Structures are given as C-alpha cells and as structure tokens.
Amino acid sequence: MMDETSELGTARCPGPSVQDYLDQDSRPVPPALRYERNDHLGSEDIDTARFTSRAWAEREMRQVWRRVWQFACLESEIPEVGDHEVYEIGDDSLIVVRTAPDEIRAFVNVCLHRGRKLRTGGGNVSEFRCSFHGFAWNLDGTMRTPPCAWDFPHVSPEKFALPEAQVATWRGFVFINMDPYAESFDSYRGTFDDYYIWPLENRYKSLHIGKVLPCNWKVAQDAFIESFHVIATHPQMLPWLADANSQYDVMADQPNWNRMINIQGAPSPHVADSVTEQDVLETFYDSRAFYAAAQGRDLVIREGDELPEVPAGGTARQVLAERMREQLAATARQDFSKTPDTELLDAINYLLFPNFNPWGGAKSNIIYRFRPNGLDPDSCTAEIIFMSSPKQPDEIPPPAKIRWVPEDMLFADIPELGVLGPVFDQDCENLPYVQQGLKAMRKPGITLANYQESRIRHFNRTLDQWMTK
Amino acid sequence: MDDEVTHRVAVRPSGVELEVIDGEDLFTAAERLGYRWPTVCGGQGTCRICFVQVEEGTENCSPVGPLEREGIEALRRPVDGLTRLACRLRVEGPVTVTKRGVRRRVQE
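Line order of the protein sequences matches chains G and C. So for the first sequence, this note's numbering puts the first residue at 1; every next one is plus one. So for the second sequence, this note's numbering puts the first residue at 1001; every next one is plus one.
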C-alpha cells in the first residue's frame, strides 16, 4: 500500500518546504527556526481507551499529573507577598503563593484537621485559615497554634506543616510538580529553551479565556498540534496557509517538547495551482478583517485604504511581511526592522508536555492550556492566553483575569479573540463528535499520519512512558 | 504624634470612644489604646470574628477589599458597607459601630 519512504516516515508533501520558504526570507532567520528534525516513532494505532475510560483518567492522574512539571500560573498574577492562586488538576488542589519577594511556593490546599479546602480562589492573605474550625498556617506552611489547643495534645505543629509541591519559574511562568523526587524543571525541559526564543517575560497577559469542552483533554490537545486538519476544518484558509507542507519537529530524545512551523501568506499545496499571489494576499487580509487591532497583532486595512498589490515577480509573503513591519512599527515601541518574515507571519507552535502550549513569533504570543476537568474523561478545560508587548516598556499593565465562558457561548462572540474566535469554533465543532465517535468506533485505535501527525504520536508516547514508569 | 490626624469611633453598646489614627484600622487602634477586641487571628483578616455593624458614618469608611469581602460573604451578610471587619476598616471621619465584647484590657 505504501512505498518504502513512507514506511520509514520520510515522505513529505510535494512542493516547497518550510525551510525552502525560510531560504527566501528577507531577513536572517534565527538558527532555532532553521533547525529541522523528525524522528520516526512508528505507525501503530493509538488505543482509544486513553480518551474515553474513567479508569484511564484516574490512573493518568496518579501516573502523570502527580509527577510531571506543569504550568500553574503566571508570576505576574502573584506579585506581592501573600498573593496566591489556586491550581487544581484532577482531585488535587494547590495554593501557589508568593512567600517572599523572590520566593514562590506551592502547598496542598487542604486543612489537615478535617480536610476542608483552605482556599477556594486566589487573593492576598497573610495566613491560610480554614473556614471550618479556624486551623491556620503561615505563608511558609508552618502551623499556627490551633484553636482549643488544649484539645489537641496529640497534634505537634512540626508534623502539621502543609505538604508542599515543587515550584519552578520560567520566563514569567510558574510551574509546579507534586513529586518530591522529580527531576529539576531545567532538566525536564531538555533543549526547549534553545528553540523557544521569544521573551515571554517581557510581555503581559492581555487576555485569558477559559471554557469547558465536551471532550477528553487529549482529544483537544491533539487537535491543536497538527495542521493536517486545515483542509477539512478550515477550508477558508487554504489560499493563504501552507498546511500540508508544515514542518513538524519531533525528537525521540526530547520527550517533553515538540514543535511545528506552519507557513502563512503562501498557498496550501492543495490549491497552489489555482491561486495567484494576489489571491493569497487578498484572502489573507480578508480573513483578518475582524482581527483585534487592539492587540497589535495582525494586519488590518484602514477604512479608505486600498489593498496592496503584489509586484510582478514578487510574492504575497514579502508584501505581507513588509506591511506587518510597518503596522507594528506604528503601534508598538519596538524595532521590527530586523525581524524576519517568518517571525511576523508564520504559526510556530510548541508543546511542553503536558499543558504548556505556546506559540512563538515576534508579535503577541498565544498560549493554549488543555487540562482534564476533574476526573471526567469526557470533558476538559481549554484556556487561551494572549501575551502582548506593553505599549510602553516600563508601564506593564496588570495581567488580565481569566474569563470563563459558558459552554454554549461561541468563541466568535468574544471580540478580543478576533479571527481566532471563529477558527477556534471550527476546531471545537469537531471535538464532541470525536469524543462520541471514539466510543462508537469498532476499531480499537486511531490511525495517525506518519509525518503530519507525528507530534500527536510523540505526545502520546511521552504520556505512555509516564503511564508505565 | 501630636499633629497626627485622628477620627473618633464610638463603639456601642459599651460606649467606648476610640481615637483612630488616619490610615490605621479600627482593630489595631483598639489594641493600641488598651482595649480587648474579639479576635482569633489577631488582625489578619481571616477569622472574621472582629466584624462590626456600622450604625453611622458609612461615608467615612474605607472601601471593602477582596479579603474583607470574602469574610463578609462568609458571615452571610450583604456587602453593603454596613457589616465590616474591624481589622480592615479604616476611617476618615466620625463613625459609630456596634460590637459586643469590646472592653478595656485588664492589667495583669
């Protein structure tokens, strides 16, 4: 059925590759984006139980979520001593608290007396006092004298310190790990820092949307780490988005991160023979007609302005990149004159296992976070975070608070998401039907493309390694 | 100390009158002036035992912050400015509150 090269996973879409496009970039492209590697990790089906089984979800909590480094919150959300956020995953609940100007710690969010959760949300406190009987702990997790201490001669404060999780910070983000014996976060990331090169620490959280989706968290995550689905799910993008020739970087020896680069401002190989460079440019602009100019993120045509023409022999990509530079120079106090086209136009998406899913690039960066919703295998939480450059470098706005939108509300109805809203809705339209279909399917597993879905294989392989470790 | 601005807070039913320094919370003022004010947490804003009912002078009271709001809601009182936590309440003019159990501390 397949030829030998596809058996080895080396077959690629005919036509220009991502690196071919980067060869044509008007500026030098950083080595991090010139890197290309895809280790073939097999072609076997992936079992469906991981997506549908409650027992699998419970085991996943014990084997994976209790042992891996995971994105909990932003440092900017807890700037003052006593500021805290509650991070919950499965049945676990942690208070992530700033205990000193340069120290963040995470404690199990439960009173050791009768088990009530200590905090039900973030805020600022100088102690954690249980609302049930008033047992209290200092910010460093040590126990305060309990009420009616005479009745607790059997409780020694030394043994009643709050259990703690490990905390690490990275470019303004706070990660936690509930396993006291876990490897360091620096070691866990592997070579990720060499390839995720954008200074998230200089950006601020300008938008944070959360929504419960009716599917397993891995069904959702898997839907956002490949571009293969564009042909059927987002057909309106084909004239300006090079989908089938996206680049997927998957390393067998880097289990905790992977990447894709998806060229934009160039046609999909599916339609390349029928669209002109001017078609590419016009459809690209068209798709951004509603994009949030406030985010300073993308191209817009001002009223009364004409669409630019692609010069003879030129490409839409060159024109779009130049226009993007001009627009950003007008709205941001940053110099984009040396920024390569790829960092202005392309979708460069990373996944740091399991729940940190940032986009790269010189503009605002989007970060997705998909997580289980309690222990329910049939639902998850999806979050969209925008990290934007401040208008003035020394005037950083406070981070946007998360806004949970109801299940029946469309992302398209959230104006700040701009063009991403309806696109996200197209993605989410599939998800409940995948969740239902996985249960109706007679075949025991899903089948993946060797290359275009290699990040899904890599992600699930890492998951399997934790499940069996 | 002499030119410090203070505001008078009357506490019913005991009739205690406290000169609260500008920027100081009511609980801390009472402690400073030698009064015992009901508390467990000692002014951390977490035990909610120090709460008062504001009878007069709500316009002279500081706004309710997030932790105090949490406490008032836990007391199942409306957050309408009439129920306040003494350890979070700052005043900018005369105020009258009701709080039982405010007594001069006995010298030991």
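Ideal Cβ positions, reconstructed from N, Cα and C, are used throughout, including at glycine. Note that the structure is predicted; figures quoted are calculated from it, not measured.
(message) Under 9 Å, Cβ to Cβ, is there at least one residue of chain C near P157 of chain G?
(response) At a cut-off of 9 Å between beta-carbon atoms, P157 of chain G makes no contact with chain C.
(message) Residues of chain C with CB closer than 8 Å to the CB of S26 of chain G, please, in chain order.
(response) Residues of chain C passing the Cβ test: none, with the nearest at roughly 50 Å.
(message) Does the contact criterion of 3 or more C-beta pairs under 8 Å hold for the segment 118 to 136 of chain G versus the segment 85 to 98 of chain G?
(response) Counting Cβ pairs under 8 Å, three or more are found: they touch.
(message) Taking the straight line between their C-alpha atoms, what separation do you get for A293 of chain G and K401 of chain G?
(response) Residue confidence is low: A293 of chain G scores 44 on pLDDT, short of 50, so the model does not pin down where it sits. No coordinate-derived value is stated.
(request) Measure the alpha-carbon distance for V280 of chain G versus G374 of chain G and round it to whole angstroms. (result) Taking the straight line from one Cα to the other gives about 44 Å.
(request) Kindly give me the distance between the Cβ atoms of N262 of chain G and S287 of chain G, rounded to whole angstroms, as I take these residues to be in contact under 8 Å. (result) Between S287 of chain G and N262 of chain G the Cβ distance is about 14 Å, and since that is not below 8 Å, they are no contact.
(request) Could you tell me the distance, in whole angstroms, from the CA atom of D335 of chain G to the CA atom of E164 of chain G? (result) So the two alpha carbons sit approximately 43 Å from each other.
(request) For the alpha helix (DSSP H) holding K218 of chain G, just list the boundary residues, first then last. (result) Start and end: 217 to 223.
(message) Suppose you measure from the CA of Q452 of chain G to the CA of G115 of chain G; what does that come to, to the nearest Å?
(response) Here the C-alpha atom of Q452 of chain G lies approximately 47 Å from the C-alpha atom of G115 of chain G.
(request) Pull up the distance between the alpha-carbon of F290 of chain G and that of P214 of chain G, whole angstroms please. (result) With a pLDDT of 43 at F290 of chain G, under the threshold of 50, the modelled position of this residue cannot be trusted; read the value that follows with caution. So the alpha carbons of these two residues sit roughly 27 Å apart.
(request) In angstroms with no decimal places, state the Cα-to-Cα distance between E1017 of chain C and E1073 of chain C. (result) Going by the C-alpha atoms only, they are around 28 Å apart.
(request) Specify, as a first and last residue, the run of the alpha helix (DSSP H) that G458 of chain G falls within. (result) According to the sequence provided, residue 458 of chain G is His. The question's Gly does not apply to it. Where H458 of chain G is concerned, the enclosing alpha helix (DSSP H) stretches over 454 to 468.
(message) Looking at chain G, is there any beta carbon in it that lies within less than 9 Å of the beta carbon of T1006 of chain C?
(response) So, not an interface residue.
(request) Flag L136 of chain G as yes if its beta-carbon sits less than 9 Å from any beta-carbon of chain C, otherwise no. (result) The question names Leu, but residue 136 of chain G in the sequence shown is Ala. A136 of chain G counts as touching chain C.
(message) Per DSSP, what are the beta-bridge partners of C1061 of chain C in this structure?
(response) C1061 of chain C pairs with C:V1091.
(message) Please report whether the beta-carbon of L1018 of chain C lies at a distance below 9 Å from any beta-carbon of chain G.
(response) Chain G contact via Cβ: absent.
(message) Between G123 of chain G and chain C, is the shortest Cβ-Cβ distance under 9 Å, so that the two count as touching?
(response) With 9 Å as the cut-off, G123 of chain G counts as an interface residue toward chain C.
(message) I'd like to know whether the C-beta of E201 of chain G is nearer than 9 Å to at least one C-beta of chain C.
(response) No, E201 of chain G does not count as interfacial toward chain C.
(request) Alpha carbon to alpha carbon, how far is A412 of chain G from L420 of chain G? Give it in angstroms, no decimals. (result) Cα to Cα, the separation comes out at about 8 Å.
(message) For T52 of chain G and K439 of chain G, which I take to be in contact (beta-carbon distance under 8 Å), what is that distance rounded to the nearest angstrom?
(response) Contact holds; Cβ gap of about 5 Å.
(request) State whether the segment 196 to 205 of chain G contacts the segment 378 to 391 of chain G, with contact taken as three or more CB pairs (one from each stretch) at a distance under 8 Å. (result) Counting Cβ pairs under 8 Å, three or more are found: they touch.
(message) Going by DSSP, what residue range makes up the alpha helix (DSSP H) through G421 of chain G?
(response) Here the alpha helix (DSSP H) through G421 of chain G covers 420 to 440.
(message) Tell me which residues of the segment 1062 to 1083 of chain C have at least one Cβ-Cβ distance to chain G shorter than 8 Å, keeping chain order.
(response) Here the close residues are P1066, L1067, E1070, A1074.
(request) Mind checking the segment 1043 to 1059 of chain C against chain G and listing, in chain order, the residues whose C-beta falls within less than 8 Å of any C-beta there? (result) Within the segment 1043 to 1059 of chain C, the residues whose Cβ lies closer than 8 Å to some Cβ of chain G are Q1044, G1045, T1046, C1047, listed in chain order.
(request) Look at L162 of chain G and V108 of chain G and say whether their C-beta atoms are less than 9 Å apart. (result) At a Cβ-Cβ threshold of 9 Å, L162 of chain G and V108 of chain G count as neighbours.
(message) Would S227 of chain G pass as an interface residue toward chain C - the criterion being a Cβ-Cβ separation below 9 Å?
(response) Residue contact with chain C for S227 of chain G: absent (no Cβ-Cβ distance below 9 Å to any residue of chain C).
(message) Suppose the cutoff is 6 Å on Cβ atoms and the five residues either side in sequence are ignored; what does the same chain contact list for L118 of chain G look like?
(response) Answer for L118 of chain G: N109, C111, F128, C130, listed in chain order.
(request) Between the Cα of L431 of chain G and those of G:R12, G:S379, G:Q392, G:P422, spot the shortest distance and give me the residue it belongs to. (result) When only C-alpha atoms are compared, the closest one is G:S379.
(message) Quick check on DSSP: helix, strand or coil for A293 of chain G?
(response) Per-residue confidence for A293 of chain G stands at a pLDDT of 44, beneath the threshold of 50, marking its modelled position as unreliable; the derived number appears in the next sentence. A293 of chain G: helix per DSSP, three-state reduction.
(request) Specify, as a first and last residue, the run of the alpha helix (DSSP H) that F386 of chain G falls within. (result) From DSSP, F386 of chain G is part of no alpha helix (DSSP H) but of the beta strand (DSSP E) over 376 to 388.
(message) At the level of alpha carbons, what is the spacing between G1057 of chain C and I104 of chain G?
(response) For G1057 of chain C and I104 of chain G, the gap between their C-alpha atoms comes out near 41 Å.
(message) Using a Cβ-Cβ distance cut-off of 9 Å, determine whether V1040 of chain C contacts chain G.
(response) Closer than 9 Å: yes.
(message) So, does the segment 248 to 265 of chain G touch the segment 177 to 194 of chain G, judging by three or more C-beta pairs under 8 Å?
(response) Yes, they touch.
(request) Using the Cα positions of Q264 of chain G and P1066 of chain C, report the straight-line distance between them to the nearest angstrom. (result) One C-alpha to the other measures close to 45 Å.
(request) Below 6 Å CB to CB, which residues in the same chain sit around A168 of chain G once its five sequence neighbours on both sides are set aside? (result) A distance below 6 Å between beta-carbons, with the five flanking residues on each side excluded, links A168 of chain G to the following residues of its chain, in chain order: F175, F185.
(request) Could you give the DSSP three-state label for M1 of chain G: helix, strand or coil? (result) Any reading at M1 of chain G needs caution, since the residue's pLDDT is 49, under 50, leaving its predicted position unreliable; the model's value is listed next. In this structure, DSSP gives M1 of chain G a state outside helix and strand, which the three-state scheme calls coil.
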